[in-house]
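Protein chains in written order, with my numbering: chain A, 6 to 169; chain B, 6 to 169.
Where is the CB? At the ideal position from N, CA and C, for every residue including glycine.
Just so it is clear, the structure is predicted and the values come from calculations on it, not from any experiment.
As structure tokens, the structure follows; a few thoughts come after it.
Number of protein chains: 2
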Amino acid sequence: MRARPTETDFQRQAEICRSHALSLTVQRRSVLEELAGRSDHPTADDVFEAVRRRLPEISRTTVYRVLETLVRVGVARRVCHPGSAARYETRMRRHHHLVCLQCEAMIDLDDPSLDGLPLPNPSSGFRIEDYSIQFRGICPECIKRGSVRRKSPKPGKAAAGGEA
Amino acid sequence: MRARPTETDFQRQAEICRSHALSLTVQRRSVLEELAGRSDHPTADDVFEAVRRRLPEISRTTVYRVLETLVRVGVARRVCHPGSAARYETRMRRHHHLVCLQCEAMIDLDDPSLDGLPLPNPSSGFRIEDYSIQFRGICPECIKRGSVRRKSPKPGKAAAGGEA
DNA sequence: ATTACGAATGGAATTAATTGTCAAGCAGGA
DNA sequence: TCCTGCTTGACAATTAATTCCATTCGTAAT
């Protein structure tokens, strides 16, 4: 799966924070490490639950706030997810997502052949800066267990079907 | 700019409902017409507010329920939108989206050259059924009024009703 | 037309998700 | 050390989404 956040990654991210006059507090550091350390696009609450194991005093408010801050400075991104809660990721390089229509899992997809798409030039005057493709389908797990149910019990970890 | 929902469109959608043993009640009909008649990917609440103008007694619950039903039978789709509440659309043919990073407007993009992307064959065994590209950038309106603020006052509506 | 029954609805209440407020804590410079 | 501003945590307030349930509607059989 996803490569662990290298020390280099972290240093770069920390540097970005610093360049925005943000001190790297334990809370910020914890949230960032947690988010960078997983590739499953967790919700704010997922992050909160995970971080609080190591930092029991952290508050939910702070996690929401830190996530928003990380997004603002460009270290993290809020990803598209048709489920109800917002999800986050720290991979800022171009990549795409496989979204399972059944269990809502969201899996990163790297495919260099998709990274050089000719950008459309909409007559509207819209200035395109980046793009990301969402591939919808059925994940291996769901294929395995048959195609009956929609959505896993708790959208806790993956996400679901929507669209880009 | 989006073509008005033709009678044909509506008939096809109604047919789908019927095939799922769903009677076309005024509420369902109103929600469907409203949703099909706009191209701005409204939230459930946007739809509620709009429909209630013509059908004052309709309840929010019903709108949420109808939208979910329409999605279930395949007449509508819940679209991905980072931030803000879930949004819906009835255009089921392949198309893509321009998403404004500032005001969060979401605009449909048709571009045949993007419709035949070679589907990746992820080693994971994920079975891809469809895809959609999200182009992020700045919309004409936001370019015009300068690039200062993030997010318009209310993410509720984005470009709505009558786009040319 | 009347009855019966399941589908569908409305509205309140509830839960989940997110944001806002504000006082207290901590860090660094004057 | 004192002042000042950045951060945080507790909690209130919103906003979004869902659940509950009694009532109503539609349709078919009577």
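The beta carbons of Gln139/A and Tyr136/B sit closer together than 8 Å.
Arg70/A is not a Cβ neighbour of Val76/A, given a cutoff of 8 Å. Closest option to Arg58/B, judged by alpha-carbon separation, among Glu109/B, Glu39/B, Ser89/B: Glu39/B.
Contact annotation for Ser129/B against chain A: Leu103, Ile112, Cys144, Pro145 [CB-CB distance below 8 Å, chain order].
The beta carbon of His86/B sits closer than 8 Å to some beta carbon of chain A. Bounds of any alpha helix (DSSP H) do not take in Glu94/A; it lies within the beta strand (DSSP E) bounded by 92–94.
Ile143/A carries a strand assignment under DSSP once its states are collapsed to helix, strand and coil. Val68/B sits away from Val31/B, with the two beta carbons spaced by 8 Å or more. Counting C-beta pairs closer than 8 Å gives three or more between the segment 127–135 of chain B and the segment 87–106 of chain A, which meets the contact rule. Identification of chain A residues near Ala91/B by a Cβ-Cβ cut-off of 9 Å yields Pro87, Gly88, Ser89, Gly167, ordered along the chain.
In the DSSP assignment, Leu114/A falls within the unbroken beta strand (DSSP E) covering 111–114. Here His46/A is near Met111/A, since their CB atoms are less than 8 Å apart. Among the residues of chain A, none has a CB under 9 Å from the CB of Pro117/B; the nearest is roughly 10 Å distant. DSSP, reduced to helix, strand and coil, places Cys105/B within a strand of the structure shown.
Between the alpha carbons of His25/A and Ser24/B lies a distance of about 56 Å. DSSP places Thr30/B outside both helix and strand once states are collapsed to three, so it counts as coil.
Residues of the segment 37–53 of chain A with a Cβ closer than 7 Å to any Cβ of chain B: none. Secondary structure at Ser129/A: coil, using DSSP grouped into helix, strand and coil. For Val76/B, no beta strand (DSSP E) run applies; the uninterrupted alpha helix (DSSP H) run containing it begins and ends at 65–78, by DSSP. Ser89/A and Ala19/B do not touch by the CB rule: their CB atoms are close to 29 Å apart, not below 8 Å. Close CB contacts of Leu60/A within its chain, under the 8 Å cut and outside five residues either way in sequence, are with Val31, Gln32, Ser35 (chain order).
At a cut-off of 8 Å, the C-beta of Glu94/A has no neighbouring C-beta in chain B. Listed as beta-bridge partners of Arg98/B by DSSP are no residues whatsoever.
Out of Ser118/A, Pro127/A, Leu124/A, Pro125/A, the CA that lies nearest to the CA of Pro125/B is found in Ser118/A.
Not one beta carbon of chain A lies nearer than 8 Å to the beta carbon of Ile21/B. In terms of beta-carbon proximity, Arg83/A lines the interface with chain B, with at least one pair separated by less than 8 Å.
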